[in-house]
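Q:
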Amino acid sequence: MKRIKAIYPGSFDPPTNGHLDLIERGSKIFDELVVAILRNPEKDPLFSVADRRKMLEAMTSDFENVSVDTFDGLTVDYALRIEARAILRGIRAISDYEYELQMALMNRKLQPGLETVFMMPAEKYSYLSSRLVREVAQLGGSIDCLVPEVVGRKLREKMDVAHKFENGEQPTEKTHSDGKGKSSRKEMKKRL
Ligand code: PNS
Numbered sequence: 000m001k002r003i004k005a006i007y008p009g010s011f012d013p014p015t016n017g018h019l020d021l022i023e024r025g026s027k028i029f030d031e032l033v034v035a036i037l038r039n040p041e042k043d044p045l046f047s048v049a050d051r052r053k054m055l056e057a058m059t060s061d062f063e064n065v066s067v068d069t070f071d072g073l074t075v076d077y078a079l080r081i082e083a084r085a086i087l088r089g090i091r092a093i094s095d096y097e098y099e100l101q102m103a104l105m106n107r108k109l110q111p112g113l114e115t116v117f118m119m120p121a122e123k124y125s126y127l128s129s130r131l132v133r134e135v136a137q138l139g140g141s142i143d144c145l146v147p148e149v150v151g152r153k154l155r156e157k158m159d160v161a162h163k164f165e166n167g168e169q170p171t172e173k174t175h176s177d178g179k180g181k182s183s184r185k186e187m188k189k190r191l
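What the sequence shown shows, in numbering that gives the first Met the number 0, is residues 0 to 191, in sequence order.
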C-alpha cells in the first residue's frame, strides 16, 4: 500500500494551539506530515523563520511522523519536490472557506495530482489566529491558553525586550526578525 505524505503549509507567525490541534489530527490520517513554513521575503514577520521552525519542532517533537521544513516559491512545487500527495489546511469557520477554496482550486489547476484536504480544528480554537495572538500579546493580554508553552515563552521574551526599548533600557536580546535592528512596541504593532 502507498504511504501518503502530506504537507501542512503556512506562515505560523507564531504557531498556535489551533495549528497544533490540526497537526495532531493530520498526523493520525497521514503516514507522514511535513509542517512547511513559507519563507516570504515580502512579509515582515514578528518571528524569524528560524525561530518559528524551532518552536514548531519543539511543539511537535512527540509526533513521530511529523517533521518541520521551510520553503519558498509555489506550495505545489515544494509538495512535488518532496513527493507529497496532499496539502492539509485548516478551516475554522465559514469565513475561511472562500479564501481556502480559491487557493485549493488554484493549486489543483497548477498541479491536478495534488489533493487539498481540509480539516476543522477543535471548536475551542475556532476563533484563534496568529494575528490575534500577536495583537493580544503586544497589548499585554494573556496568551497562555492560546499557544503552546514554548511559543508563550518566546512571545513574552519579545514583548519584554520591546518594553525595555520603550523605557530606554539596555536590551538583552535582539528582537528584530532579521536580528539586525532594534525593535519597539510601535514597530511590532506595525507588523501586526
Ligand atoms: O498561514 P497562511 O499565511 O494562511 O498560509 C498561506 C500559504 C503559505 C499556504 C499560502 O500563502 C501559500 O501557499 N503561499 C505560497 C505561494 C503559493 O503557492 N501561492 C499560490 C497559492 S494558490
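Ideal Cβ positions, reconstructed from N, Cα and C, are used throughout, including at glycine.
Using only the alpha-carbon positions, how far apart do Ile3 and Asp43 sit?
A: On the sequence shown, position 4 is the one that residue 3 refers to. On the sequence shown, position 44 is the one that residue 43 refers to. Rounded to whole angstroms, Ile3 to Asp43 spans 34 angstroms at the Cα level.
Q: Quick check: the region 137–150 against the region 16–28, are there 3 or more CB pairs under 8 angstroms?
A: yes
Q: Report all residues from its chain with a CB closer than 7 angstroms to the CB of Gly25; omit the five preceding and five following residues, and keep chain order.
A: The residue given as residue 25 occupies position 26 in the sequence shown. For Gly25, where only same-chain residues beyond five positions count, the Cβ hits under 7 angstroms are Ala5, Tyr7, Leu32, Leu87 and Met118.
Q: Taking only heavy atoms of the ligand PNS into account, decide whether any of them is closer than 8 angstroms to the Cβ of Phe11.
A: As a first step, residue 11 is located in the sequence shown; it is residue number 12 there, counting from the start. True, at least one ligand heavy atom lies under 8 angstroms from that Cβ.
Q: For Val75, which three-state DSSP category applies?
A: The residue given as residue 75 occupies position 76 in the sequence shown. If DSSP states are grouped into helix, strand and coil, Val75 belongs with the helices.
Q: Distance, Cα to Cα, Thr61 vs Leu55?
A: Your numbering for residue 61 matches position 62 in the sequence shown. Your numbering for residue 55 matches position 56 in the sequence shown. Checking the displayed sequence, the identity of residue 61 turns out to be Asp instead of Thr. Between Asp61 and Leu55, the C-alpha separation is close to 11 angstroms.
Q: So, is Gly9 buried or exposed, given that buried needs 16 or more other C-beta atoms within 10 angstroms?
A: As a first step, residue 9 is located in the sequence shown; it is residue number 10 there, counting from the start. Looking at its Cβ environment, which holds 16 or more other Cβ atoms inside 10 Å, Gly9 is buried.
Q: Note down the Cα distance separating Ile36 from Ile93, rounded to an integer number of angstroms.
A: On the sequence shown, position 37 is the one that residue 36 refers to. On the sequence shown, position 94 is the one that residue 93 refers to. So the alpha carbons of these two residues sit roughly 24 angstroms apart.
Q: Could you name each continuous alpha helix (DSSP H) segment of 4 residues or more that falls completely within the region 121–164, going from the start of the chain to the end?
A: 129–137, all fully within the region 121–164.
Q: For the beta strand (DSSP E) that contains Leu87, what are its first and last residues?
A: Taking the sequence shown and counting its residues from 1, one reaches residue 87 at position 88. It spans Ala85 to Gly89 - the beta strand (DSSP E) in which Leu87 sits, taken as one unbroken run.
Q: How about Val116 and Val65: are their beta carbons less than 9 angstroms apart?
A: Counted from its first residue, the sequence shown places residue 116 at position 117. Counted from its first residue, the sequence shown places residue 65 at position 66. Going by C-beta atoms, Val116 is not nearer than 9 angstroms to Val65.
Q: Going by DSSP in three states, Asp61 sits in which element: helix, strand or coil?
A: The sequence position of residue 61 within the sequence shown is 62, counting from 1. Three-state result, Asp61: coil.
Q: Indicate the three-state DSSP secondary structure (helix, strand or coil) for Leu100 in the structure shown.
A: To locate residue 100, count along the sequence shown from 1; it is residue 101. In this structure, Leu100 counts as helix in the three-state DSSP scheme.
Q: If you draw a straight line from the C-alpha of Asp12 to the C-alpha of Ile28, how long is it?
A: Counting from 1 along the sequence shown, the entry for residue 12 is found at position 13. Counting from 1 along the sequence shown, the entry for residue 28 is found at position 29. Whole-angstrom Cα-Cα distance: 25 angstroms.
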